[in-house]
Every structure is written in structure tokens, then in C-alpha cells.
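Quick notes on the structure that follows.
The structure is reproduced here in C-alpha cells:
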């Protein structure tokens with residue numbers, strides 16, 4: 001029994017136990033993250049992949065939304081006039097408005113459509129907007145805004161989240177590899193003794 005205690009003590013003093021403990025801690029931190037004092041939460045490698053995926057999803061949504069505000073390839077542009085307003089209430093009881101627009105196609109056919117997006121600001125009847133439509137399907141007209149900042153904002157926020165997720169992933173991967181290295185080193189020392 002005293003020999004076994006002495007060997008355990010020697011193992012701790014030579015670093016095998018410390019290496020194993022440090023390696024296991026780094027592996028756990030790399031995989032799931034270990035909360036640090038002060039309430040700060042750390043994300044592990046799996047959490048970083050979630051952040052990266054959500055960021056890329058927002059980039060894709062912003063890019064798609066921006067594409068919905070671009071002229072159709074091979075489409076025709078026209079100036080539409082706001083001829084009416086539709087209104088509805090959201091779940092909080094606030095009034096939302098959509099423009100009813102009318103334009104004339106290149107073959108002099110009048111087309112009326114309601115804007116799919118809603119706003120809390122009531123549009124002014126008689127104002128104009130640029131629209132793009134396909135000659136074979138003018139009812140699919142889309143409004144081409146002068147500025148399109150909201151989709152760019154969504155793309156920027158998504159890109160930032162994706163970059164943060166990628167950096168955390170790399171840091172956690174390095175932590176995980178270092179933990180495996182330390183744990184394997186401790187196991188090799190035990191076998192060598």
C-alpha cells in the first residue's frame with residue numbers, strides 16, 4: 001500500500017495527473033464550454049457551429065430579400081402610382097399599411113397590385129415608385145426601392161455572427177486538440193512507467 005501511494009504521489013509530482021486533469025478540462029471546454037466565474041458563459045465547439053449556421057442563415061435571408069428588390073433579369077421597368085392603401089392590424093393592435101400600385105405595361109395594359117410588404121407609416125396616394133415586371137407576367141411586379149438598407153443590415157449582422165462563430169470554432173478546435181494531446185501524453189507516461 002505505501003508503494004502504491006508513493007507511485008501515485010510520484011505521478012502527480014511528475015505531471016501525469018496534472019496533464020490528465022488539464023487535458024480532460026480542455027476537452028470539456030472545447031466541446032461544450034466551461035462557464036467562468038462572474039457568470040460569463042462560454043460556447044463550445046457545438047455552440048460555435050450553431051452561431052456560424054445562424055449567421056449564414058441571416059446572410060442568406062438578407063441576400064434573398066435584397067434580390068426581391070432588384071429588377072427582374074430581362075424584365076421591364078415602369079413608374080407606378082399609389083392609387084390606394086390597404087390596412088391591417090398586427091398582433092399588438094398597431095395599424096400596418098400596404099400600397100396599392102397601378103402602372104401601365106409597355107403594351108398599354110393597366111396593372112394593379114398590392115405591395116406585399118407592410119409599414120406603420122401610411123403611404124401617400126398619388127406618390128410614385130419604380131417597379132420591375134416580366135412582360136409575360138406583369139402581375140408579378142416588384143417595387144425597386146431607391147435605397148435598400150434593411151437587407152444590407154441583415155447581411156452585415158449575419159456576416160458578423162458567422163465570423164464570430166468561425167473564430168470561436170477555431171479557438172475551440174485548438175483547445176480540443178491541446179486537450180487530446182495532454183490526455184494522450186499522460187496516458188503514454190502511465191504506460192511507460
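Residue numbers (the UniProt record's numbering): 1 to 193. Glycine included, each C-beta is placed from N, C-alpha and C at the ideal position.
The straight-line gap separating the alpha-carbon atoms of residue 27 and residue 188 is approximately 17 Å.
For the set 46, 117 and 71, the Cα lying nearest the Cα of residue 32 is the one of 46. For residue 133, the number of other beta carbons within 10 angstroms of its own is at least 16, and it is reported as buried. Per DSSP, reduced to three states, the secondary structure at residue 127 is coil, with no helix or strand assignment. The beta-bridge partner set that DSSP reports for residue 101 consists of 82 and 113. In the pairwise beta carbon analysis, the segment 97-111 is classified as not touching the segment 149-163: fewer than three pairs are separated by under 8 Å.
The beta carbon of residue 71 sits closer than 7 Å to the beta carbons of 77, 132 and 144 from its chain, once the five residues preceding and following it are set aside; these are given in chain order. By the beta-carbon neighbour count (other beta carbons within 10 angstroms, threshold 16), residue 115 is buried. Residue environment: residue 110 is assigned as exposed (fewer than 16 neighbouring CB atoms within 10 Å of its CB, all protein chains considered). The Cβ atoms of residue 181 and residue 62 do not sit closer than 9 Å to each other.
Note on residue 137: under 16 other CB atoms within 10 angstroms of its CB, so exposed under the neighbour-count rule.
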